[in-house]
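Trainee:
2 protein chains.
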Amino acid sequence: MRIILCGFGVVAQSLIKLFESREEELYSKYGLKPRVLAVFDSKGSAIDQSGLNLEKLIQVKEKFGTVKNYSEKNNSMKGNEILKNVEADVLIETTASNYKDAEPGMTHITTAMKKGMHVISVNKGPLALAFPSLMELATYNQVMFKFSGTVGGGTPILDYAKNSLRGEKITSFAGILNGTTNYILSNMATGLSFDDALKDAQDRGYVEADESLDLDGLDAAAKLVILANWIMGMKVTMPDIKCVGIRKVTIEDIRKAETNNSVLKLIASCDKELMVSPKEVPKDDPLGVNGTLNAIAFTSEHSGTQTIIGKGAGGTETASSILRDLLDIRQEIAKN
Amino acid sequence: MRIILCGFGVVAQSLIKLFESREEELYSKYGLKPRVLAVFDSKGSAIDQSGLNLEKLIQVKEKFGTVKNYSEKNNSMKGNEILKNVEADVLIETTASNYKDAEPGMTHITTAMKKGMHVISVNKGPLALAFPSLMELATYNQVMFKFSGTVGGGTPILDYAKNSLRGEKITSFAGILNGTTNYILSNMATGLSFDDALKDAQDRGYVEADESLDLDGLDAAAKLVILANWIMGMKVTMPDIKCVGIRKVTIEDIRKAETNNSVLKLIASCDKELMVSPKEVPKDDPLGVNGTLNAIAFTSEHSGTQTIIGKGAGGTETASSILRDLLDIRQEIAKN
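Those protein sequences? They're chains G and P, same order as listed.
Just so we're aligned, residue 1 is where the first sequence starts under the UniProt record's numbering, counting upward by one.
Just so we're aligned, residue 1 is where the second sequence starts under the UniProt record's numbering, counting upward by one.
1. Name the residues in the region 307 to 325 of chain P whose C-beta lies less than 8 Å from a C-beta of chain G; which are they?
2. So what does Glu-93 of chain G bridge to, in DSSP terms?
3. For Ser-18 of chain P and Leu-18 of chain G, I'd like the C-alpha separation in whole angstroms.
4. Closest to Phe-194 of chain P by CA distance: which of P:Gly-116, P:Ile-246, P:Leu-327 and P:Ala-295 is it?
5. Would you call the region 127 to 142 of chain G in contact with the region 177 to 185 of chain G, where contact means no fewer than 3 C-beta pairs closer than 8 Å?
6. Check whether the Cβ of Leu-129 of chain G sits closer than 8 Å to any heavy atom of the ligand ADP, and report yes or no.
7. Among residues of its own chain, excluding the 5 on either side of Gly-314 of chain G, which ones have a beta-carbon nearer than 7 Å to its beta-carbon?
8. Flag His-302 of chain G as yes if its beta-carbon sits less than 9 Å from any beta-carbon of chain P, otherwise no.
9. Could you tell me if Ser-97 of chain P is buried or exposed, where buried requires 16 or more neighbouring beta carbons within 10 angstroms of its beta carbon?
10. For a cutoff of 9 Å on Cβ pairs, would you count Leu-264 of chain G as touching chain P?
11. Taking the straight line between their C-alpha atoms, what separation do you get for Asp-219 of chain P and Asn-178 of chain P?
12. Measuring alpha carbon to alpha carbon, tell me which residue in G:Lys-29, G:Arg-204, G:Ile-92 and G:Gly-167 is nearest Ser-300 of chain G.
13. Verify whether the separation of the beta carbon atoms of Lys-33 of chain P and Met-77 of chain P is less than 9 Å.
14. For Thr-307 of chain P versus Ile-296 of chain P, is the C-beta distance shorter than 9 Å?
15. Please identify the residue among P:Ala-112, P:Asn-290, P:Tyr-206 and P:Glu-103 whose C-alpha is closest to the C-alpha of Leu-83 of chain P.
16. Give a yes or no on whether the C-beta atoms belonging to Ala-268 of chain G and Ala-197 of chain G are separated by under 9 Å.
17. Which residues in the same chain have their Cβ closer than 8 Å to the Cβ of Thr-171 of chain P, if we skip the five residues on either side of it in sequence?
18. So, using beta-carbon positions, are Glu-93 of chain P and Val-122 of chain P closer together than 9 Å?
19. For Val-207 of chain P, does the three-state DSSP call read helix, strand or coil?
20. Using a Cβ-Cβ distance cut-off of 9 Å, determine whether Glu-258 of chain G contacts chain P.
21. Which of the three DSSP states, helix, strand or coil, is assigned to Gln-306 of chain P?
22. Using a 10 Å radius around the Cβ and a threshold of 16 neighbouring Cβ atoms, would you call Ser-186 of chain G buried or exposed?
23. In this structure, what does DSSP give as the bridge partners for Leu-213 of chain P?
24. Considering only C-alpha positions, which residue in the set P:Thr-190, P:Met-232, P:Leu-57 and P:Gly-217 is nearest to Met-238 of chain P?
25. Output, in sequence order along the chain, the residues in the region 164 to 187 of chain P whose CB is closer than 7 Å to any CB in chain G.
26. Give a yes or no on whether the minimum CB-CB distance between Ala-334 of chain G and chain P is below 9 Å.
27. Any beta carbon from chain P within less than 9 Å of Leu-293 of chain G's own beta carbon?
28. Could you tell me which residues DSSP puts in a beta bridge with Asn-294 of chain P?
29. Please decide whether Val-289 of chain G counts as near chain P, where near means a Cβ-Cβ distance under 9 Å.
30. Going by other Cβ atoms of all chains shown within 10 Å of its Cβ, with 16 needed for buried, is Ala-334 of chain P buried or exposed?
31. What residues of chain P sit near Thr-305 of chain G, judged by a beta carbon separation below 8 Å?
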């Protein structure tokens with residue numbers, strides 16, 4: 001399978017390492033032979049139409065901070081030029097999410113789809129701003145569009161709701177979809193101030209470069225958009241979400257929750273309306289998890305309420321969900 | 001789809017009610033038209049080769065406590081005679097689990113498979129005592145064998161581990177697989193004695209007629225057998241499980257857990273060995289859920305640890321997992 005990889009951060013590098021370490025197994029067990037033809041990061045690109053050397057790719061990135069130095073030539077082509085000039089089967093989009101115009105991811109994805117490439121995205125921006133139209137574009141161009149890693153990292157939340165609960169109608173859901181704010185709120189519950197808890201989370205590398213994505217609830221809202229479209233069949237985008245972050249949460253709010261035998265969590269919910277907002281959750285509710293965990297509770301018509309809890313981020317974890325998407329595409333292609 | 005239903009307890013009755021209330025939707029959305037040709041309970045049977053009237057079936061059961069009075073004739077045929085004489089596509093086995101000889105479920109299932117019928121079982125007995133050989137028998141007779149409802153009731157635990165985590169290797173798992181013991185232990189943690197907590201659970205109808213199934217861990221062990229075979233590819237049966245129940249748990253054990261900031265739970269685990277035993281679980285661990293909830297944490301090679309929590313029992317919930325199995329069979333048949 002010929003792959004173009006957009007972005008080469010932690011997740012993309014973890015993916016390349018999974019390709020390497022699981023090479024034999026992927027081929028023998030699933031018939032998957034990933035061939036990465038092109039990779040680019042913000043500084044430049046590496047291209048080899050017969051397939052890049054994955055070990056070298058990682059080494060170059062570690063040494064120079066960019067894949068640009070992979071070879072002498074071809075290293076200044078921009079993402080879109082590559083997508084136009086290199087023939088591949090799948091685009092894997094891993095550039096950073098932004099919720100203003102979703103670029104450059106949006107252009108990568110639409111360009112690839114129009115060229116007939118299947119797309120896997122862990123970039124939430126394009127989905128948050130244009131889920132319905134991207135699905136239409138994929139259908140129109142008869143390509144597959146997968147995004148398991150956008151919600152829950154390695155925890156297959158989307159797949160669970162869509163497949164394991166097939167034949168069942170989900171009537172509502174609510175969850176903690178952002179691990180960073182959960183970490184901050186969990187620490188505030190032990191007595192830290194908001195500023196100290198934020199600083200601690202930053203020191204550990206949990207907070208996005210643009211902290212607003214976490215603190216103002218944008219990351220959670222983006223995931224809510226994806227869930228609402230994919231699981232509930234709604235046609236919504238970011239502006240449809242009522243979104244309140246955690247910046248205004250005070251120690252008093254935390255204490256008030258405590259007196260109600262509850263904990264304060266940033267909850268993304270889909271019931272009568274779509275909302276991200278701090279809410280009290282009873283301590284013994286399955287959603288009352290601490291640390292960086294994500295948790296989501298689906299309520300269905302006949303199967304009761306079911307909660308899934310897992311790490312919502314992490315390089316290897318998110319890379320493993322890209323791999324699942326790739327195996328799905330491999331399997332679908334094999335059917336035809 | 002022509003169905004024979006073995007057993008007519010709470011789950012089976014819930015299933016019939018689901019068939020009724022979702023009739024239109026099942027047909028329009030999934031092309032499923034369930035036709036129940038025969039039902040039997042411990043007192044007798046109801047048979048109509050052109051399909052029983054579901055509403056009448058429920059009414060008769062409620063009025064007489066048995067389906068035997070459905071019509072004047074045919075009401076004394078035993079389960080096996082029915083299986084031998086009535087041509088159907090699917091057997092749904094819902095008689096009570098027993099872990100001595102797994103009868104009458106075992107004979108129902110093997111008879112149906114040998115006749116080329118697909119089998120759905122929510123009876124854990126046959127699977128606990130003979131999982132490997134039942135799978136072989138199903139393969140040999142080219143029939144499908146489904147048992148989603150045996151673990152987690154309506155919570156699709158088996159499906160999640162097998163399908164949502166495809167492409168991923170589960171290395172170990174541990175969980176609370178019996179809601180009754182969780183309820184008892186949760187109440188003991190609030191100060192009740194074992195006897196009082198047991199009495200309360202019995203009053204609420206949570207305890208099996210044979211209380212040993214819950215208290216001695218047999219129910220949890222049976223589910224562990226099913227998980228170990230289905231998820232981990234092991235070939236094990238009940239005697240392979242080290243099993244300790246909760247009868248010997250004292251208030252002191254509960255207090256000791258409390259001082260470790262933990263809670264005592266009956267944990268079924270598959271790591272180096274297969275074991276059911278009371279264990280301390282940290283209070284803020286996702287497995288530390290109270291009440292009658294079930295919870296299971298799967299640890300995988302690349303996607304971290306993921307926990308699913310849900311009601312592990314309930315008529316409608318378990319019936320909805322039978323329905324999922326039936327839809328799967330419907331879909332597979334449609335492919336051929």
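Yeah, the Cβ is synthetic: ideal placement off N, Cα and C, and Gly gets one too.
Since this is a predicted model, take the numbers as computed values, not measurements.
Mentor: The relevant details are as follows:
1. So the close ones are Thr-307, Ile-308, Ile-309, Gly-310, Lys-311, Gly-314, Thr-316, Glu-317, Ala-319, Ser-320, Ser-321, Leu-323 and Arg-324.
2. Residue numbering aside, residue 93 of chain G sits at position 93 when the first sequence is read from its first letter. Bridge partners of Glu-93 of chain G according to DSSP: G:Cys-6 and G:Ser-121.
3. Locating residue 18 of chain P in the second sequence gives position 18, counting from the first residue. Locating residue 18 of chain G in the first sequence gives position 18, counting from the first residue. The sequence shown places Leu at residue 18 of chain P, not Ser. Taking the straight line joining both Cα atoms gives about 44 Å.
4. Here residue 194 of chain P is taken as the residue at index 194 of the second sequence, counted from 1. It is P:Ile-246.
5. no
6. What this structure holds is no ligand at all, so the ligand ADP is not there to describe.
7. Residue 314 of chain G sits at position 314 when you count from the first residue of the first sequence. Answer for Gly-314 of chain G: Gly-153 and Gly-154, listed in chain order.
8. In the first sequence, residue 302 of chain G corresponds to position 302, counting from 1. Any Cβ of chain P closer than 9 Å to the Cβ of His-302 of chain G would place that residue at the interface, and such an atom is present.
9. In the second sequence, residue 97 of chain P corresponds to position 97, counting from 1. The residue is buried, with at least 16 neighbouring Cβ atoms inside 10 Å.
10. Taking the first sequence and counting its residues from 1, one reaches residue 264 of chain G at position 264. No, Leu-264 of chain G lies away from the interface with chain P (no Cβ there is under 9 Å from its Cβ).
11. Reading the second sequence from its first residue, position 219 is the one you call residue 219 of chain P. Reading the second sequence from its first residue, position 178 is the one you call residue 178 of chain P. Each residue's Cα considered, the two are about 7 Å apart.
12. To locate residue 300 of chain G, count along the first sequence from 1; it is residue 300. In terms of CA proximity to Ser-300 of chain G, G:Gly-167 leads the group G:Lys-29, G:Arg-204, G:Ile-92 and G:Gly-167.
13. For the purposes of this step, residue 33 of chain P is identified with residue 33 of the second sequence, where counting begins at 1. For the purposes of this step, residue 77 of chain P is identified with residue 77 of the second sequence, where counting begins at 1. Their beta carbons are not under 9 Å apart, which means Lys-33 of chain P does not touch Met-77 of chain P by this criterion.
14. If you number the second sequence from 1, residue 307 of chain P lands on position 307. If you number the second sequence from 1, residue 296 of chain P lands on position 296. Yes, Cβ-Cβ distance for Thr-307 of chain P and Ile-296 of chain P is below 9 Å.
15. As a first step, residue 83 of chain P is located in the second sequence; it is residue number 83 there, counting from the start. Distances from the CA of Leu-83 of chain P to each of P:Ala-112, P:Asn-290, P:Tyr-206 and P:Glu-103 were compared; the closest alpha carbon is that of P:Ala-112.
16. Numbered from its first residue, the first sequence carries residue 268 of chain G at position 268. Numbered from its first residue, the first sequence carries residue 197 of chain G at position 197. Against a cut-off of 9 Å, the Cβ pair of Ala-197 of chain G and Ala-268 of chain G comes out as no contact.
17. Taking the second sequence and counting its residues from 1, the one referred to as residue 171 of chain P is at position 171. The residues are Thr-299, Ser-300 and Glu-301.
18. Here residue 93 of chain P refers to the residue found at position 93 when the second sequence is read from its first residue. Here residue 122 of chain P refers to the residue found at position 122 when the second sequence is read from its first residue. Yes; because the gap between Cβ atoms is below 9 Å, this pair is in contact.
19. Counting from one through the second sequence, the residue named residue 207 of chain P turns up at place 207. It is coil, neither helix nor strand.
20. One-based indexing of the first sequence puts residue 258 of chain G at position 258. It does not; no Cβ of chain P falls within 9 Å.
21. On the second sequence, position 306 is the one that residue 306 of chain P refers to. Strand.
22. Indexing the first sequence from 1 puts residue 186 of chain G at position 186. Around the Cβ of Ser-186 of chain G, a 10 Å sphere holds 16 or more other Cβ atoms; the residue is buried.
23. For the purposes of this step, residue 213 of chain P is taken as residue 213 along the second sequence, with counting starting at 1. In the DSSP secondary-structure assignment, Leu-213 of chain P is not bridged to any residue.
24. On the second sequence, position 238 is the one that residue 238 of chain P refers to. For the options P:Thr-190, P:Met-232, P:Leu-57 and P:Gly-217, the alpha carbon positioned closest to that of Met-238 of chain P is the one of P:Gly-217.
25. Within the region 164 to 187 of chain P, the residues whose Cβ lies closer than 7 Å to some Cβ of chain G are Ser-164, Leu-165, Arg-166, Gly-167 and Glu-168, listed in chain order.
26. Mapped onto the first sequence, residue 334 of chain G falls at position 334. Cβ-Cβ to chain P under 9 Å: no for Ala-334 of chain G.
27. Locating residue 293 of chain G in the first sequence gives position 293, where the first residue counts as 1. Yes, Leu-293 of chain G lies at the interface with chain P (some Cβ there is under 9 Å from its Cβ).
28. Your numbering for residue 294 of chain P matches position 294 in the second sequence. Paired residue(s): P:Gly-310.
29. Sequence index remark: in the first sequence, residue 289 of chain G carries index 289 (1-based). For Val-289 of chain G, the answer is yes, since a Cβ of chain P falls inside 9 Å of its Cβ.
30. Your numbering for residue 334 of chain P matches position 334 in the second sequence. That one is exposed.
31. By 1-based counting over the first sequence, the position of residue 305 of chain G is 305. Correct list: Gly-310 and Lys-311.
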